[in-house]
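See structure below.
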Amino acid sequence: MRAVRGKDGVTVVEMAGLGRSESAKLPEELAGLAATLHAQAPTAPEPATAE
């Protein structure tokens with residue numbers, strides 16, 4: 939996991955995983971971690987556009 943704050947002040951979180959065996963559960967485990975993170979720090983709203 940890596941979190942980097944952008945110039946606009948929004949933090950971008952990247953996640954990746956490397957299985958040490960051929961476990962088919964790695965995508966499920968990453969999805970669970972992403973869901974837990976998103977519940978605690980939801981996605982930033984899209985910026986308003988000028989119409």
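Numbering-wise, the sequence shown is residues 939 to 989 according to the working numbering.
The beta carbon of each residue, even a glycine, is placed where N, CA and C say it ideally should be.
Bear in mind the structure is a predicted one, so any value in this text is a computation, not a measurement.
DSSP on residue i, reduced to helix/strand/coil?
i: residue 986; result: coil
i: residue 980; result: coil
i: residue 969; result: helix
Quick check on the DSSP output: the beta strand (DSSP E) that includes residue i runs from which residue to which?
i: residue 941; result: 940-943
i: residue 994; result: Because the chain in this structure spans residues 939 to 989, residue 994 falls outside the shown range and cannot be described.
Residues in the same chain with beta-carbon distance under 7 Å from residue i, minus the five sequence neighbours each way, listed in chain order, please.
i: residue 964; result: 955, 957
Using a Cβ-Cβ cut-off of 8 Å (strictly less than) and excluding sequence neighbours within five positions of residue i, which residues of its own chain qualify?
i: residue 948; result: 982
Look at residue i and residue j and say whether their C-beta atoms are less than 9 Å apart.
i: residue 973; j: residue 951; result: no
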